[in-house]
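113 is the number that the numbering used here gives to position 128 of the sequence shown; each next residue is one higher, with no gaps. Working notes, structure below.
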Amino acid sequence: MQLERIQTKIYEIRGQKVMLDFDLSSMYEVENRVLKQAVKRNLDRFPNDFMFQLTKIEWQELITICDNLPNGIKFSPATPFAFTEQGVSMLSSILKSKKALQVNIAIMRAFVFMRQYALTHKDLTEKLHELENKYDKQFKDVYDAINFLLQKDIQESDQKQRKRIGFKNDETS
């Protein structure tokens, strides 16, 4: 199983990297209802930090954000289960096929790769955030200066258009 393909199936929900039941069932080559049924029979193996069910709001947000979701799944009345890395690992203990074992190994490698990538690029990410903050402030300063000049120009224009009152001589009109 390709690492890149698996990585596209890992989402961040509730601040955790998770995989959804329909993607996992597709990879394991089992029906989604079979996977959910096996999980429900073994709920004691899946505490909240291993698996949770998406709320309807989370599911709607994910549908609007992601274009790579299967079409049929978008209209499912049931919200999907989300499995953390530990939950995916636990799935291999309840789905006892050779395919499930091979897929699980590939998924674990994808999670590990993503974690290592995030750690090695943490410094780069921090530097990018620093640069964004620095330049955002500079652009805000430029924007404020331009806005000030525009307001000043508008006020001067209003002053020139104002009709003078009082005594007029030819030089001031």
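From the three backbone atoms N, C-alpha and C, an ideal C-beta is built for every residue, glycine too.
Counterpart residues of residue i in DSSP-defined beta bridges
i	result
Y(-4)	V3
Q38	F66
Cβ neighbour criterion (16 or more within 10 Å) applied to residue i
i	result
Y102	exposed
P62	exposed
P65	buried
N53	exposed
S227	The structure shown does not extend to residue 227, since the chain is modelled only from -14 to 158, so the question has no answer here.
V3	buried
L134	exposed
N27	exposed
L39	buried
V19	exposed
L80	buried
S78	exposed
N89	buried
F17	According to the sequence displayed, residue 17 carries Asn and not Phe. Buried, by the Cβ-count rule.
Whole-number beta carbon distance between residue j and residue i, since they are thought to touch under 8 Å
i	j	result
F35	M93	Their Cβ separation, rounded to whole angstroms, is 14 Å, which puts F35 and M93 out of contact at 8 Å.
I(-9)	A85	Not confirmed; about 14 Å, so no contact.
D8	K21	That pair is no contact at about 13 Å.
I48	K59	5 Å
I(-5)	E43	Between E43 and I(-5) the Cβ distance is about 16 Å, and since that is not below 8 Å, they are no contact.
Between the stretch 69 to 79 and the stretch 90 to 104, do at least 3 Cβ pairs fall closer than 8 Å? Judged by pairs of C-beta atoms under 8 Å, the stretch 69 to 79 touches the stretch 90 to 104, as three or more such pairs exist.
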